[in-house]
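Quick note on numbering: numbering that gives the first Met the number 0 labels position 20 of the sequence shown as 19, and the sequence is numbered without any gaps.
To start, the structure itself, in C-alpha cells.
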Amino acid sequence: MANPSPSTLFIDKDAFASLFAKHTEYLENANKGRALKLFKATVQGVHTTEVSLERAVFVECKFRTCSFRGTAFDSAELDLSRMTHVTFDGASFRSATMRGVHMRQSSLKGVDLSDADLRPATINLAGDSRPANLEGTDLERATMKRAKLDGANLQHSNLFECDLSGASLKGARLGQANLSGADLTGADLTGADLSGAVMRNAILTNAKLDGVDLEGVAVFRSYDGLETSMVKAMRAHVQWVMSEGKKGTRGVFRDADFNGRDLRFVELTCADLQHADFAGADLRGAYLAGADLRGINLTGAKIDGADLRGANMSGAVTAGVNLKMAKIGKIKVVTDGGQQSVSTKLPAS
0 MANPSPSTLF IDKDAFASLF AKHTEYLENA NKGRALKLFK ATVQGVHTTE
50 VSLERAVFVE CKFRTCSFRG TAFDSAELDL SRMTHVTFDG ASFRSATMRG
100 VHMRQSSLKG VDLSDADLRP ATINLAGDSR PANLEGTDLE RATMKRAKLD
150 GANLQHSNLF ECDLSGASLK GARLGQANLS GADLTGADLT GADLSGAVMR
200 NAILTNAKLD GVDLEGVAVF RSYDGLETSM VKAMRAHVQW VMSEGKKGTR
250 GVFRDADFNG RDLRFVELTC ADLQHADFAG ADLRGAYLAG ADLRGINLTG
300 AKIDGADLRG ANMSGAVTAG VNLKMAKIGK IKVVTDGGQQ SVSTKLPAS
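Rendered as C-alpha cells:
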C-alpha cells in the first residue's frame, strides 16, 4: 500500500477533470502526462462513464455523491478509501488493491473484481487492521473470480448470481447475504459466517467449508454420486429456472433413480419427473413447485418444507410420507393464454 500523505485535498469535478486528462495522457505514454495519485483527498460530485482510471491511486480518500459507471479501475490502489453510496455499476477492478476499503450501501451491479485484493489493511505500527466493508452493497451478477475477501464484511449484500469461483472468503461475514445462484466453485469459505444467508441454487462444488455452520442454511450441498450426464442436465435446469426459461433447458428426468439420495434444497421447479424413484430420499426444502410428479415413488422420503405447490402428484406412491409436512397449494403460472393458478394434484388416497 502506498504511504498516505497527512494533508487533505478537496477535489471537485473540475479539478478531477484536469487530473484525469493528465492521467489519460500518462496511460497513453508514460513519458508524458502524470499518473493520478491522491492521498487522503475528498472527491466530490465526480461522475464518469466508461473511462479508464487504470493504475490510479486513491489511498484513504473519501468519495461523496459520485458515480463511476463502466469505469476501469484495473490495477488501481484504493486502500482504506470510503466510497459509501457510490454507483460503480459495470465498473472493472481487475487486480485492484482495495484493502480495508469501505463501500457500504454502494451499487456494484455487474462489476468485475477478478483477482482484486480486499483483505484487511494494516492501519498502524501496532499491526491493527481494518477489514473491507461491503455491507449492504449491490453486487448482482458481479465477477469476483479469485478475489481476496478474507475477513470482509458482506452482511446483507446482494451477491445474486455472482461468480466467486476460486475466491478467498476466509472468515468473511456473509450473514443475511443473498447468494442465490452464486458460483462458489473452489472458493475458500473457511470460518465464514453464513448465518441467515439465502443460497438457493448456489454452487459449492469443491468449496472449502471448514468451520462453516450450514445448519439452517437453505443450500443444495452436492451432486456427488450422480452420473455426469445427470449433473449436466440438473445444472441446465437450474439455469432454466433462474433465467425464467431464457437460458438452459427444462429438466426431463423421467424414470430417474434418486433412491436414498440427499436432495435437500435441490432445484427441480417445473421439472418432468414422471415415475422417478425418490424412495428414502431426503427432499427437505426441495423446490418442486409445478413439477410433473406423476407416478413417482416417494416411499419413506423426507419432505419437510418441500415446495409441492402446483405439482401434479397423480399416481404417486407416498407410503410412510406425511404430505402435510410439505408446502401444498396454489401457484401462479404464465401460459400462452395468460396467468392462471394451478393447485397441487395429490395422489388418490
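Beta carbons: idealized from backbone N, C-alpha and C, even for Gly.
Check, Outcome
"Which of the three DSSP states, helix, strand or coil, is assigned to V85?", "coil"
"Rounded to whole angstroms, what is the Cα-Cα separation between V316 and G336?", "32 Å"
"Which class does Q154 belong to by DSSP, given the choice of helix, strand or coil?", "coil"
"Please say whether V211 and L188 have beta carbons closer to each other than 9 Å?", "yes"
"Can you give me the C-alpha to C-alpha distance between E266 and Y286, rounded to a whole angstrom?", "5 Å"
"Over the uninterrupted beta strand (DSSP E) stretch that includes K36, give me the two end residues.", "36-38"
"Can you tell which of A40, S17, H46 has its C-alpha closest to the C-alpha of G32?", "S17"
"Using the three-state DSSP reduction, which class does E24 fall into: helix, strand or coil?", "helix"
"Enumerate, from N- to C-terminal direction, the unbroken alpha helix (DSSP H) stretches of 4 or more residues contained entirely within the region 124-204.", "none"
"I10 to R68, Cα distance in whole Å?", "19 Å"
"Can you check whether the CB of K326 is closer than 9 Å to the CB of A300?", "no"
"By how many angstroms is the C-alpha of S242 removed from the C-alpha of C269?", "13 Å"
"Under the DSSP definition of a beta bridge, which residues are partnered with D306?", "Y286, K326"
"Hey, is the region 227-234 in contact with the region 161-179, meaning 3+ C-beta pairs nearer than 8 Å?", "no"
"I think G319 touches S342, with their Cβ atoms under 8 Å apart; what is that distance to the nearest whole Å?", "So it is not a contact: roughly 24 Å between Cβ atoms."
"Compare the Cα-Cα distances from A131 to each of T184, E59, C161 and report the closest residue.", "E59"
"Counting C-beta neighbours from all protein chains within 10 Å, is the total for S348 16 or more, i.e. buried, or is it exposed?", "exposed"
"Candidates K323, N311, Q338: which alpha carbon is nearest P346's?", "N311"
"Would you tell me roughly how many angstroms separate the C-alpha atoms of I122 and S128, rounded to the nearest one?", "5 Å"
"Hey, how far is the Cα of G215 from the Cα of G44?", "44 Å"
"If you count every other CB in all the chains shown that lies within 10 Å of the CB of L154, and 16 or more means buried, which is it?", "The amino acid occupying residue 154 in the given sequence is Gln; Leu does not appear at that position. Under this definition Q154 is a buried residue."
"Tell me the DSSP bridge mates of V56?", "K36, E76"
"Using the Cβ count rule (16 or more neighbours within 10 Å means buried), how would you classify T248?", "exposed"
"If I295 and H274 are in contact, beta carbons under 8 Å, what's the gap, nearest whole angstrom?", "6 Å"
"Which of the three DSSP states is assigned to D116 in this structure?", "strand"
"Would you say G314 and A288 are within 9 Å of each other, going by their C-beta atoms?", "no"
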